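Written out below as structure tokens is the structure these notes cover.
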Amino acid sequence: DEKEIPKNQQREDDEETMNLISSLPSDVDFDGKKLFKYQGCWYNDIILQGILNFQRGFEPQDTDIVIASFPKSGTTWLKALTVALLERSKHSSSDDHPLLLDNPHGLVPYLELIFQTSKPDMTSISSSPRLFSTHMAFQTLREALQNSPCKIVYVWRNMKDVLVSFWYFKCAILKIEEERSMLESMFASFCRGVINNGPFWEHVLSYWKGSLEDPKNVLFLKYEELKTDPNVQLKKLAEFLGCPFTVEEEESGSVEEILDLCSLRNLKNLEINKTGKTARGFDHKTFFRKGQVGDSKNYLTPEMEKRIDMIVEEKFRGSDIKF
Ligand code: A3P
């Protein structure tokens, strides 16, 4: 029976994956969940299974674009901006614009989630070029892309704001009040580096090095710069993706139009983002909060801030990364 062969193959692959995962160093996250260290970063078993399937089975296309980030660093915004850039000639601001019909996470799926099954149906990816996203570290992503000239765009953000954003998000998806005790245990995990996709600094440095080695294919963006200088950053992104704004477009306000469409205020108020849910069951609205630089000041104690500042200072010493 022809169908038996792939089934057996799948079973063998799953077994191999489980064996590999159980041989890795392990530790526990702030909430007691087990994490495994793979290629320098920590992941839970479900995500890791997706990563291993991805590394084994992904077939890159030269035009693929991957949006990468540490969680809560501006992923949703970067996804929206990328979609809006690529769609601009097709839709401008008409009613059938993809951003009005789906949340940015529905439009740009995570590779580690697509590959929860070892042989996913990639024909359902409708965007052209194909748009993917990931929270895995650079070396892990790169391994699967091999020598493909895919474009990788990374966004990173101040570690303190990432921590507070993550705390809010976690409470929102658990539908609980924001508890200080949870912030404190998350803080401890962040500082130890034992957190899903962490250590934070390893993650950021992996893409920073990647962008230095291969600037044509890896773009390193900063959330804070996107906030202070959105026009410049959007034009940089458009050039990097090979779709620069023409003089006519710039004169007709196309840059501002995209920034308005993708602004936190606008996205948050779209019907699709007020009511919908992602494939993982997260309310779309949980991805849009304040988007304020330095908001963590309102929640972290001076001691917590100092500890993070010291970690950041030590771990990023020698890089030209500016905070
Ligand atoms: P805050 O919790 O600090 O408000 P991610 O998209 O990686 O999950 O990151 C979520 C953070 O990005 C949240 O930060 C959220 O409010 C902010 N964000 C979401 N959409 C945004 C947008 N269009 N512009 C600016 N920030 C945005």
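Numbering of the sequence shown is given in UniProt numbering, commencing with residue 2 and proceeding in unit increments. In this text, a Cβ means the ideal position worked out from N, Cα and C, and glycines have one as well. Because the structure is a prediction, the values reported are computed rather than measured.
Of all alpha-carbon atoms in 73, 83, 225 and 316, the one lying nearest the alpha-carbon of residue 131 is that of 83.
Residue 145: member of the alpha helix (DSSP H) spanning 139 to 146, first to last residue. Counting along the chain, the unbroken alpha helix (DSSP H) around residue 261 starts and ends at 255 to 262. Excluding the 5 residues flanking it on each side, residue 148 has no same chain C-beta neighbour closer than 6 Å.
Your pair residue 169 and residue 290 checks out as a contact, with CB atoms roughly 6 Å apart and the cut at 8 Å. In the pairwise beta carbon analysis, the region 92 to 112 is classified as touching the region 133 to 150: at least three pairs are separated by under 8 Å. For residue 255, same chain residues with a beta-carbon under 7 Å away, outside a window of 5 residues either side, are 89 and 246 in chain order.
Relative to the ligand A3P, residue 165 has its C-beta within less than 8 Å of a heavy atom. In terms of Cβ geometry, residue 86 and residue 273 do not form a close pair [threshold 9 Å]. Residues 144 and 145 of the same chain have their beta carbon placed closer than 6 Å to that of residue 56, with the five preceding and five following residues left out of the count. The C-beta distance from residue 206 to residue 320 rounds to 6 Å, short enough to meet the 8 Å contact threshold. Cβ-Cβ distances below 7 Å link residue 316 to 202 in the same chain, with the five nearest sequence neighbours on each side left out; the list follows chain order.
Out of 240, 141 and 177, the CA that lies nearest to the CA of residue 199 is found in 141. Between residue 314 and residue 204, the alpha-carbon positions lie close to 15 Å from each other. Beta-bridge partners of residue 69 (DSSP): 135 and 155. With 16 or more neighbouring CB atoms inside 10 Å of its own CB, residue 162 falls in the buried class.
Residue 43 is bridged by DSSP to 38. A straight line joining the alpha-carbon of residue 175 with that of residue 282 spans about 11 Å. Across the structure, residue 62 and residue 151 are spaced so that their CA atoms are roughly 7 Å apart. Across the set 50, 104 and 60, the C-alpha of 104 shows the shortest separation from the C-alpha of residue 80. Scanning 285, 271, 22 and 64 for the CA closest to the CA of residue 101 turns up 271.
As the crow flies, the alpha-carbon of residue 35 is around 28 Å from that of residue 307. DSSP, reduced to helix, strand and coil, places residue 116 outside both helices and strands of the structure shown, so it counts as coil. For the pair residue 153 and residue 45, the Cα-to-Cα distance works out to about 24 Å. Setting aside the 5 residues that flank it on each side, residue 27 is surrounded in the same chain by 35, 36, 37 and 38, each with a C-beta closer than 8 Å to its C-beta; the list follows chain order. In the DSSP assignment, residue 219 falls within the unbroken beta strand (DSSP E) covering 219 to 223.
About 14 Å separates the Cβ atoms of residue 165 and residue 75, ruling out a contact at the 8 Å cut-off.
For the 9 Å CB-CB criterion, residue 126 and residue 242 do not form a contact.
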